[in-house]
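> For reference, the structure I am asking about is given below.
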Amino acid sequence: MGLFSFIKEAGEKLFGGKEVEAAATQAAADPKAKPSLDALNDKAARAIENYIATQKLGVEGVRVEYDGATGTVNVSGQAPTQEALEKVTLCCGNVASVKQVNNLMAVSSPEPEAQYHDVVRGDTLSAIAKKYYGDANKYPKIFEANKPMLSHPDKIYPGQKLRIPAL
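If you use the UniProt record's numbering, the sequence shown corresponds to residues 1 to 167, in order.
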């Protein structure tokens with residue numbers, strides 16, 4: 001699927017991102033600190049894997065690697081649909097301290113990729129629907145496309161990346 005960029009400061013706070021960043025800086029200066037960084041990267045990766053599992057997307061064999069020095073997540077596994085694969089990307093990327101997601105997952109039923117929208121201050125799902133679909137009343141389509149990561153149509157935040165499926 002490729003490499004996707006995200007806003008590092010936005011998203012779910014699943015692990016101590018600042019702690020991992022500090023350990024990465026320390027490991028760059030002192031190679032003896034690398035084991036500590038490796039342990040924190042592994043802890044972060046497991047937190048992201050657990051978050052993906054809680055979303056019940058039907059993906060199998062999910063394996064996440066996190067690099068705190070670059071804020072990059074590599075995710076692999078098997079997704080049943082293109083939608084599930086894209087939601088895994090969003091699960092990984094809409095996490096604080098993640099700047100990039102490299103989704104290496106295979107998909108059982110490939111389909112055309114959805115568009116993406118980076119939420120900015122003042123955005124609403126209605127305004128986003130108007131922009132992409134020409135009709136503000138089609139916001140439920142965007143809401144449904146981003147469930148279960150979105151729990152309510154009014155709970156979007158600046159820096160979040162949303163899937164915008166074709167109508």
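We put the CB at the ideal spot given by N, CA and C, even for glycine.
Is K161 helix, strand or coil when you go by DSSP?
strand
> Tell me the rounded alpha-carbon separation between R63 and N41.
13 Å
> When the Cα atoms are used, what is the spatial distance from Y157 to A28?
33 Å
> Kindly indicate which residue of K32, V73, K43 and A10 has the alpha-carbon position closest to the one of E19.
Of K32, V73, K43 and A10, the residue nearest in Cα terms is K43.
> By a C-beta neighbour count over all protein chains shown, 10 Å radius and 16 as the cutoff for buried, is L163 buried or exposed?
Note on identity: in this sequence residue 163 is Arg, with Leu being the wrong assignment. Burial call: buried.
> Could you spell out the range, first to last residue, of the alpha helix (DSSP H) harbouring S126?
Start and end: L125 to Y133.
> Opposite A166 in the DSSP bridges: which residues?
Paired residue(s): none; A166 is not in a bridge.
> Whole angstroms are fine: how far does the CA of D123 sit from the CA of D154?
10 Å
> Is there contact here, the segment 52-66 with the segment 86-96, by at least three beta-carbon pairs under 8 Å?
Judged by Cβ distances under 8 Å, the segment 52-66 makes contact with the segment 86-96, as three or more pairs qualify.
> Contact between the segment 131-138 and the segment 105-114 is defined here as three or more beta-carbon pairs at a separation below 8 Å; is this criterion met?
no
> CB-CB under 8 Å to G77, same chain, minus the five flanking residues each way: which ones, in chain order?
V59, E60, G61, V62, R63, V88, M105 and A106
> Please say whether L167 and K141 have beta carbons closer to each other than 8 Å?
yes
> Could you pull the DSSP bridge partners for F4 from this structure?
V101
> Secondary structure at G77, three-state DSSP: helix, strand or coil?
Three-state DSSP puts G77 in a strand.
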